[in-house]
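Take a look at the structure set out below.
In my numbering, the protein residues as written are 398 to 741.
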């Protein structure tokens with residue numbers, strides 16, 4: 398071995414090696430994800446032949462409310478569902494019409510993407526409240542479904558609603574007296590022990606009372622403590638948000654020959670044509686509405702839905718067979734409206 402080999406590298410050479418190491422480290426950092434990293438758990442000295450596969454991003458659950466009555470006003474069941482959506486932070490989208498539950502006369506909660514069949518997971522106001530509370534999948538959501546909550550939801554369905562519907566004063570007083578007794582024990586803001594206001598049980602009970610007591614006389618017949626209890630829901634920001642959401646979930650109005658408004662009639666005809674050819678249009682959040690044409694050479698009224706509908710159908714993988722362009726979407730709507738329509 399030579400004297401030079403015994404001495405090792407000089408200070409100058411060590412500096413050069415250090416600088417080279419710094420440059421190599423900087424290059425590796427700049428490459429970032431381009432550099433393949435060893436698989437987790439590999440032993441020291443072993444390497445991975447390729448980059449580890451990226452973890453798939455978990456999609457958020459998609460819930461839709463189907464079979465919303467088209468009466469033009471929001472029913473109690475739909476309002477319960479919307480209130481639960483707001484309170485539990487579980488988004489709710491339009492679900493159109495579902496034929497999965499022919500025996501159910503009212504809203505149903507669907508789960509899934511419009512590109513596939515969306516199964517119904519709950520129906521009825523209280524059932525949807527429970528489903529959305531549990532879908533929250535947090536301690537807060539689960540606390541809304543304690544056993545005591547279930548008992549009160551069953552009371553609202555089996556006692557309170559039938560009593561209010563019967564119009565029998567004795568039955569109504571007996572049902573409401575249970576609420577008053579519970580409020581007196583629990584401090585006046587909730588019927589459930591240890592619960593914050595606007596629990597699942599409170600939501601179901603107060604919305605039923607609000608819909609029963611639409612008139613001032615009906616509300617005045619309630620005791621002050623019950624009125625104050627109902628006002629917690631009525632005056633809450635969540636209630637205002639729920640009513641706004643419910644209005645978006647209402648299906649398009651059907652054509653009414655007695656309505657003198659040509660604009661509303663045109664919107665109704667377009668809605669019927671579009672939903673007959675593309676049933677998932679409402680589920681995709683498409684607003685079906687007619688507008689007056691700015692230029693008379695284009696006609697009197699128009700509905701600019703073909704392009705956004707095509708884009709959403711394509712993005713969700715729900716384009717019908719044979720439909721490949723926005724123009725074909727538009728032509729399908731025209732064909733569905735028909736040439737013999739007396740208004741068009």
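Ideal Cβ placement from N, Cα and C applies to all residues, glycine included.
These numbers were taken from a predicted model, which means no experiment stands behind them.
Asked                                                                                                                                                                              : Found
Please report the straight-line C-alpha distance between residue 659 and residue 527, rounded to a whole angstrom.                                                                 : 42 Å
Is the Cβ-Cβ distance between residue 522 and residue 601 less than 8 Å?                                                                                                           : yes
Kindly indicate which three-state DSSP category residue 689 falls into: helix, strand or coil?                                                                                     : strand
How many whole angstroms separate the CB atoms of residue 597 and residue 546, which I take to be in contact at a CB cut-off of 8 Å?                                               : 5 Å
Please report the Cβ distance between residue 504 and residue 474, rounded to the nearest whole angstrom; I am assuming they are in contact, meaning their Cβ atoms lie under 8 Å. : 5 Å
At which residues does the beta strand (DSSP E) containing residue 519 begin and terminate?                                                                                        : 517-520
Report the residue ranges of all alpha helix (DSSP H) runs contained in full by the region 543-569; include only those spanning at least 4 residues, in chain order.               : 544-552 and 558-563
Check residue 590 in the structure and name its three-state DSSP category.                                                                                                         : coil
Give the secondary structure of residue 699 by DSSP, where H, G and I count as helix, E and B as strand, and everything else as coil.                                              : strand
Could you tell me the distance, in whole angstroms, from the CA atom of residue 448 to the CA atom of residue 712?                                                                 : Low confidence applies here, because residue 448 scores a pLDDT of 49, under 50, leaving its location unreliable and the question unanswered by this model.
Please state whether the Cβ-Cβ distance between residue 491 and residue 679 is less than 8 Å.                                                                                      : yes
With a cut-off of 8 Å, does the C-beta of residue 571 fall near any C-beta of chain C?                                                                                             : Given the protein chain composition of this structure (a single chain), no chain C is represented.
How do the region 699-714 and the region 663-679 stand: do at least 3 beta-carbon pairs fall below 8 Å, yes or no?                                                                 : yes
Thinking just about the alpha-carbon of each residue, which of 692, 501, 707 and 667 is nearest to the one in residue 730?                                                         : 667
Quick check on DSSP: helix, strand or coil for residue 676?                                                                                                                        : coil
Near residue 733, what residues of its chain come up, given a Cβ to Cβ distance below 7 Å and the 5 sequence neighbours on each side ignored?                                      : 670, 673 and 674
Tell me whether residue 446 sits in a helix, a strand or coil according to DSSP, three-state version.                                                                              : Low confidence applies here, because residue 446 scores a pLDDT of 45, under 50, leaving its location unreliable and the question unanswered by this model.
Distance check for residue 726 and residue 720, CA to CA, integer angstroms please.                                                                                                : 7 Å
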